[in-house]
Amino acid sequence: MAPAPPLPTMRHSSAFLNPSSPAPPDDACATLALVVLNQRLPRFAPLLWSRAAVRVCADGGANRVFDGMPELLPGQDPGEVRARYKPDVIKGDMDSIRPEVKEYYSNLGTKIVDESHDQDTTDLHKCVAFITQNPPVPDKSNQLCILVLGALGGRFDHEMGNINVLHLFPNIKIVLLSDDCLIFLLPRTHRHEIHIERSIEGPHCGLIPIGTPSTSTTTTGLRWNLYNASMSYGGLISTSNVLEEDKVTVTSDSDLIWTASLRD
Amino acid sequence: MPASAMPLPTMTHSSAFLLPASSSSAPRADDAAASTTYALVVLNQRLPRFAPLLWAQARLRLCADGGANRVFDGMPELLPAEDPDEVRARYKPDVIKGDMDSIRPEVKEYYSNLGANIVDESHDQDTTDLHKCISYITRNLPGTENSNLCILVVGALGGRFDHEMGNINVLYRFSNIRIVLLSDDCSIILLPKTHTHEIHIERSVEGPHCGLIPIGAPSTSTTTTGLRWNLANTSMSYGGLVSTSNIVEEDIVTVTSDSDLIWTISLRH
Chain A
50 MAPAPPLPTM
60 RHSSAFLNPS
70 SPAPPDDACA
80 TLALVVLNQR
90 LPRFAPLLWS
100 RAAVRVCADG
110 GANRVFDGMP
120 ELLPGQDPGE
130 VRARYKPDVI
140 KGDMDSIRPE
150 VKEYYSNLGT
160 KIVDESHDQD
170 TTDLHKCVAF
180 ITQNPPVPDK
190 SNQLCILVLG
200 ALGGRFDHEM
210 GNINVLHLFP
220 NIKIVLLSDD
230 CLIFLLPRTH
240 RHEIHIERSI
250 EGPHCGLIPI
260 GTPSTSTTTT
270 GLRWNLYNAS
280 MSYGGLISTS
290 NVLEEDKVTV
300 TSDSDLIWTA
310 SLRD
Chain B
23 MPASAMPLPT
33 MTHSSAFLLP
43 ASSSSAPRAD
53 DAAASTTYAL
63 VVLNQRLPRF
73 APLLWAQARL
83 RLCADGGANR
93 VFDGMPELLP
103 AEDPDEVRAR
113 YKPDVIKGDM
123 DSIRPEVKEY
133 YSNLGANIVD
143 ESHDQDTTDL
153 HKCISYITRN
163 LPGTENSNLC
173 ILVVGALGGR
183 FDHEMGNINV
193 LYRFSNIRIV
203 LLSDDCSIIL
213 LPKTHTHEIH
223 IERSVEGPHC
233 GLIPIGAPST
243 STTTTGLRWN
253 LANTSMSYGG
263 LVSTSNIVEE
273 DIVTVTSDSD
283 LIWTISLRH
């Protein structure tokens, strides 16, 4: 029996989180887009904002930017911070954004896109669709990486719906970030090389077979590597694993969610 | 033509434990709740606002490692009108279990002196803290059959994503035990495919938002009643439809599925 052709390799890097990395940090993520959902901003929000080519707030995410950026930059004048951290687009059904926040950004030129008619897709789905239809740097759209704040924690159905967006757009690099961790999809169509920023991420990590069991997953670079291991809910899932090397590789017969903790 | 399948047995679910305690000692109208034995597990995250209410109803209270810090710090904060030392002495865990790398030494000593059972599990790296606590409860609450036992867990959601997913996996691994994961924002339970489910909604404390999540495997056919967007032999999967931001419309929601599902409902503030 002829061996299957090797899977193409997909490279991942969180260099965008490393303040010491030059911008743009990495070829694989040459263009960053930032989406802000309706939860408290993580501490690195200003860093990612400054590196993004486009910034989109989903509805109440605009409140979080309005309130949260001055809090994260307490040494600066709040009025100046607000004007500087102006979203390019605010999208969603507008039932969470405060009227004065909407007016403030509208007056500054932010594009307000009311989607209250569309109840079938989540706010994150709408924002990802918008960004892919309006790529910030059209000739580099294959190096686009969408960073999302506020997708984890809070209401569990929201969190699970946000993770489904990763599965619905498997060809787009989307990273969900919180103060505690980051997550992204490892599609089964590829062999994955995950480059670890040791100063920023770890030591904890995990591989989660969300949505479908995996019959065979193999890894390198972890303390407890997998060798053609099965993973499933009800059985083994890899949590509280530990990063051992600067590069982690993952090959699986199933889509997996990769997660790494972020250092304080 | 094949004979129709035997109907699945029905499993009922109630969140009566979230209702404020009545000032009188009159028995609850909900008989199911009256015969339920509750245990409480506290994991290492900020206590939700209703932690004292759950504590009062539990026959057994366990802290997993750093969860003891959360009780020590958090209970006086949640009961600001009372003397902190009295609160701490009153809200004493029965058991503190785990590898003891998060609990503060003074917290461990305080509860140890008050008689809490400290069970060091640092040798066992194969199971999560929650898994260890569930195992302990099943072995140490004699006289309760699994059908009467309900384990309430706070601190299992949010924070590190791998922890959260590992905690949800504990629901799958102990699928014959009622376990409820609770946060300030929501609650979640497993609906095993072996049963048809009747979820009794306490409208004063939960809803309106809810969801059904096929987190472990796709569902070819799920049917519901009582929701704004009911499913009718509907497929659900990651990469396809997942029922989120649904709305509870009636006091009883029913769910039947060919796959284990996670049910989640928002909690009112």
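From first to last, the protein sequence lines are chains A and B.
Going letter by letter, the first sequence gives residues 50 to 313 in the working numbering.
Going letter by letter, the second sequence gives residues 23 to 291 in the working numbering.
From the three backbone atoms N, C-alpha and C, an ideal C-beta is built for every residue, glycine too.
Quick caveat, the model's predicted, so the values are computed rather than measured.
Check: Let's test the definition: count the other Cβ atoms within 10 Å of the Cβ of ASP53 (chain B) and tell me whether it reaches 16, buried, or not, exposed.; Outcome: Residue confidence for ASP53 (chain B) is low, a pLDDT of 48 falling below 50, so the modelled location carries little weight; the figure read from the coordinates is stated next. Classification for ASP53 (chain B): exposed.
Check: According to DSSP, which residues form a beta bridge with ILE161 (chain A)?; Outcome: A:ILE139
Check: Quick check: VAL264 (chain B) and ILE235 (chain B), are their CB atoms within less than 9 angstroms of each other?; Outcome: yes
Check: Quick one, are the C-beta atoms of HIS61 (chain A) and HIS244 (chain A) less than 9 angstroms apart?; Outcome: yes
Check: On a Cα-Cα basis, can you pick out the residue from A:SER289, A:GLY109, A:PRO184 and A:THR298 that is closest to ARG89 (chain A)?; Outcome: A:GLY109
Check: Between PRO91 (chain A) and chain B, is any beta-carbon pair separated by less than 9 angstroms?; Outcome: no
Check: If we cut at 9 angstroms on Cβ distances, does PHE115 (chain A) have a partner in chain B?; Outcome: no
Check: Please give me, in chain order, every unbroken run of the beta strand (DSSP E) with length at least 3 that falls completely inside the stretch 234 to 289 of chain B.; Outcome: 241 to 247, 256 to 258, 265 to 269, 274 to 279 and 283 to 289
Check: Taking 9 angstroms as the threshold (C-beta atoms), are PHE94 (chain B) and ARG83 (chain B) in contact?; Outcome: no
Check: For the stretch 165 to 191 of chain B, which residues have a beta carbon sitting closer than 8 angstroms to at least one beta carbon of chain A?; Outcome: LEU179, GLY180, GLY181, ARG182, PHE183, ASP184, HIS185, MET187, GLY188, ILE190 and ASN191
Check: Along the stretch 123 to 144 of chain B, what residues have a CB closer than 7 angstroms to any CB found in chain A?; Outcome: none
Check: Classify LYS119 (chain B) as buried or exposed, calling it buried when 16 or more other Cβ atoms lie within 10 Å of its own Cβ.; Outcome: buried
Check: To test your reading of the DSSP string, which unbroken beta strand (DSSP E) runs of 3 or more residues are found completely within the stretch 53 to 99 of chain A?; Outcome: 58 to 62 and 80 to 85
Check: Against CYS254 (chain A), what residues of chain B qualify as contacts under a CB-to-CB distance less than 9 angstroms, listed in chain order?; Outcome: ASP184
Check: Contact check, LEU198 (chain A) vs ALA94 (chain A) under 8 angstroms by CB: the rounded distance?; Outcome: 6 angstroms
Check: Between which residues of its own chain and PRO185 (chain A) is the CB-CB distance below 7 angstroms, once the five residues before and five after are set aside?; Outcome: THR80, ALA82, ALA102 and VAL103
Check: Quick check: the Cα distance between HIS231 (chain B) and ALA51 (chain A), rounded to an integer number of angstroms?; Outcome: 52 angstroms
Check: Measuring CB to CB, does SER303 (chain A) end up less than 9 angstroms from PRO252 (chain A)?; Outcome: no
Check: Between ARG195 (chain B) and chain A, is any beta-carbon pair separated by less than 9 angstroms?; Outcome: yes
Check: Let's see if you can read the secondary structure: which residues bound the beta strand (DSSP E) around MET209 (chain A)?; Outcome: Looking at the DSSP string, MET209 (chain A) is not in any beta strand (DSSP E); the run it does join, the alpha helix (DSSP H), is 205 to 217.
Check: Could you tell me which chain B residues have their CB closer than 7 angstroms to the CB of ARG204 (chain A), listed as they occur along the chain?; Outcome: ASP207, CYS208, HIS231 and SER288
Check: Are the beta-carbon atoms belonging to VAL63 (chain B) and CYS172 (chain B) less than 9 angstroms from one another?; Outcome: no
Check: Should GLY120 (chain B) be listed as close to the ligand NAD, given that the test is whether its C-beta is under 8 angstroms from any heavy atom?; Outcome: Questions concerning the ligand NAD fall outside what the structure shown contains, since it holds no ligand whatsoever.
Check: Taking one C-beta from the stretch 288 to 307 of chain A and one from the stretch 239 to 254 of chain B each time, how about it: are there three or more such pairs within less than 8 angstroms?; Outcome: no
Check: In the DSSP assignment, find the beta strand (DSSP E) that holds ASN139 (chain B) and state where it starts and stops.; Outcome: 139 to 142
Check: With a threshold of 8 angstroms on Cβ separation, who are the neighbours of GLU208 (chain A) within its own chain once the five nearest residues in sequence on each side are excluded?; Outcome: ALA200, LEU201 and GLY202
Check: If we define contact as Cβ-Cβ less than 9 angstroms, is ILE156 (chain B) a contact residue for chain A?; Outcome: no
Check: What residues from chain A crowd round PRO236 (chain B), counting only those whose CB sits closer than 8 angstroms?; Outcome: GLY260
Check: Specify, as a first and last residue, the run of the beta strand (DSSP E) that ILE195 (chain A) falls within.; Outcome: 193 to 198
Check: Determine whether the Cβ of ASN156 (chain A) lies closer than 9 angstroms to any Cβ atom of chain B.; Outcome: no
Check: Is the beta carbon of ALA90 (chain B) less than 9 angstroms from the beta carbon of VAL141 (chain B)?; Outcome: no
Check: With DSSP run on the structure shown, which of helix, strand or coil describes VAL297 (chain A)?; Outcome: strand
Check: Give the single residue among B:ARG182, B:THR160 and B:LEU204 whose Cα lies nearest to the Cα of SER197 (chain B).; Outcome: B:THR160
Check: Nearest-angstrom Cα distance between ASN191 (chain B) and ILE210 (chain B)?; Outcome: 12 angstroms
Check: DSSP three-state label for ASN290 (chain A), please.; Outcome: strand
Check: Run down chain A in chain order and give the residues with a C-beta less than 8 angstroms from the C-beta of THR266 (chain B).; Outcome: THR171, ASP206, HIS207, MET209, GLY210 and ASN213
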